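Inspection log for the structure reproduced underneath, given as structure tokens.
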Amino acid sequence: MEPRRGVVVVGSSFAGLTGAMELRRHLGPGTPITVVDRRDHFTFIPSLIWVPFGLREPEQITFPLAPLYARHGIDFVHGEAVGFDLEARAVEMEGAAAIGYERLLIATGPRLAFDAIEGLGPEGAGRTLSVCNLDHALDARAAWQRFVENPGPVVVGTAQGGSCFGASYEFLLNVRHQMDRHGLVDLPVTFITAEPFLGHFGLNGVGDSASKIEGLFDRLGIEGIANAAIAAARPGEIELVGGRVLPAAYSMIVPPFRGVEAVRAHPTLSDESGWIPVTDEYRHVEHADVYAAGVDVAITPPAPTLIPAGVPKTGYMSEHMAKVAAQNIAADLGGAPRRSVPLDELGAVCVLDGGNTGVILKTDRVLGDAEHPHLIAGPQAHWAKIAFEKYFMATRRRGFVRV
Ligand SMILES: Cc1cc2nc3c(=O)[nH]c(=O)nc-3n(C[C@H](O)[C@H](O)[C@H](O)COP(=O)(O)OP(=O)(O)OC[C@H]3O[C@@H](n4cnc5c(N)ncnc54)[C@H](O)[C@@H]3O)c2cc1C
């Protein structure tokens with residue numbers, strides 16, 4: 503008899519790791535679970551904003567995946583998925599045999615689409631920095647050391663088509679805090695964003711976020727430019743659509759996000775941006791054996807914006823989606839009752855650090871009208887982020903995802 507194929511999870515970050523551990527909890531040892539990731543370490547991405555300033559070293563915010571999965575009876579494959587054969591129910595791997603599945607959970611996150619804007623990004627001919635992965639954050643550290651010796655204007659922001667607005671606000675406030683520490687007080691600092699107004703966050707605002715952010719920018723002497731689209735990044739400057747040119751000795755721009763190539767390669771797996779359309783069970787709308795969770799899930803913004811701006815898909819939301827998807831996969835295989843959580847019922851808690859202060863955002867609904875949006879600004883947010891990081895690293899490195 504052919505051995506059972508079981509469940510394959512592609513991607514092992516917030517969504518994939520949570521999904522795999524939940525699958526193991528629901529399904530007995532008789533069901534094989536395999537996790538595939540091109541990276542062999544988990545990275546706590548929210549702390550990457552601290553890496554450029556030497557406030558975190560890689561070993562403080564990463565842990566190896568293979569020992570974790572081995573302890574929980576899950577196979578880990580360190581490799582790149584290059585496509586999906588949905589007829590044969592197999593994940594196609596680069597330089598290795600395809601991996602068959604009974605059910606597939608795709609948790610591949612975003613592709614960082616620097617190539618969508620001329621000169622954007624730290625790779626190739628790129629002119630701007632990024633903190634979206636560990637390598638980029640370490641590059642941004644080297645650039646920061648050069649900047650401190652040879653300072654100039656600073657530009658931080660999120661490009662058109664981006665959705666991770668919180669990260670650029672956090673990085674901006676950390677840069678500003680570090681500039682104060684280094685006595686770099688009179689340099690221009692500009693924030694550019696695809697959001698229709700400051701504090702929109704891709705969510706049409708949270709509570710009184712617009713006035714709070716504007717007040718903060720006034721106090722810190724930061725110029726904020728909403729509805730901004732970048733025409734090109736060149737050495738030492740960023741040109742906006744409309745012609746304004748911003749001098750930039752140090753610039754970190756969160757790029758547009760798209761679905762990853764392996765997903766986009768299949769004609770019916772994703773939409774034109776590479777995002778995967780799912781039901782309230784996080785099951786693909788057409789392919790019943792396929793589930794998705796995390797940033798790779800298609801979410802329509804609550805309202806159109808002048809400049810394309812996506813909905814932020816936070817770590818909290820990614821884990822929530824993964825728990826629901828895992829439970830429904832287990833239900834398909836006879837191991838759990840079914841569960842539905844519509845996308846517009848997902849909530850979010852997000853802690854934005856500002857160096858020595860910050861903002862805690864909580865909304866019971868990311869999409870649509872939240873009944874209880876909360877925004878709490880102050881130094882407690884900085885300490886809350888540090889506490890959250892410690893708690894997250896301590897639990898996830900042991901495979902505890904329910905706490
Ligand atoms: C700078 C920054 C700061 C942030 N701060 C916060 C915060 O404070 N709070 C918060 O809640 N969220 C924050 N976020 C968002 C958070 O990081 C995401 O919500 C979260 O990472 C999404 O998890 P995911 O598993 O969907 O995708 P990802 O974390 O992107 O993981 C995708 C995984 O899939 C793997 N993968 C992709 N393609 C393939 C392939 N073809 N083959 C094999 N493996 C593949 C990748 O290696 C990766 O491990 C931040 C994001 C950034 C960029």
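Each residue of the sequence shown is one higher than the last, beginning at 503 in this note's numbering.
Cβ coordinates follow ideal geometry from the N, Cα and C atoms, glycine included.
Since the model is a prediction, treat every value here as computed from it, not as a measurement.
- For the set S842, A615, L869, the Cα lying nearest the Cα of A805 is the one of L869.
- The way I'd put it, the stretch 775–786 does touch the stretch 795–803; three or more beta-carbon pairs between them come closer than 8 Å.
- In the displayed model, K815 falls within coil according to three-state DSSP, outside both helix and strand.
- Per the coordinates, the alpha-carbon of M754 lies some 16 Å from the alpha-carbon of G663.
- Taking C-beta separations shorter than 7 Å and ignoring five residues to either side along the sequence, the partners of G585 in its chain run E594, A764, A767, H768, following chain order.
- In this chain, I715 is not harboured by any beta strand (DSSP E); it is covered by the alpha helix (DSSP H) spanning 711–722.
- Per the DSSP secondary-structure output, C852 pairs in a beta bridge with L863.
- By the beta-carbon neighbour count (other beta carbons within 10 angstroms, threshold 16), H638 is buried.
- In the three-state reduction of the DSSP assignment, E559 falls in the coil class, being assigned neither a helical nor a strand state.
- The beta carbons of L700 and F719 sit about 7 Å from each other, so the pair counts as a contact at 8 Å.
- For the pair P737 and L588, the Cα-to-Cα distance works out to about 44 Å.
- Counting every other CB atom within 10 Å of its CB across the protein chains shown gives V687 a total below 16, marking it as exposed.
- In this chain, the alpha helix (DSSP H) harbouring F516 covers 516–528.
- The C-alpha of G857 is placed about 18 Å away from the C-alpha of L689.
- Rounded to whole angstroms, the gap between the alpha carbons of A669 and G860 is 12 Å.
- Straight-line spacing of the CA atoms in E582 and R898 works out to 23 Å.
- Judged by DSSP in its simplified three-state form, I809 adopts coil rather than helix or strand.
- Counting the other Cβ atoms within 10 Å of the Cβ of Q647 gives fewer than 16, which makes it exposed.
- At a cut-off of 7 Å, the beta-carbon of P548 counts as near ligand 1: some heavy atom of the ligand is closer than that.
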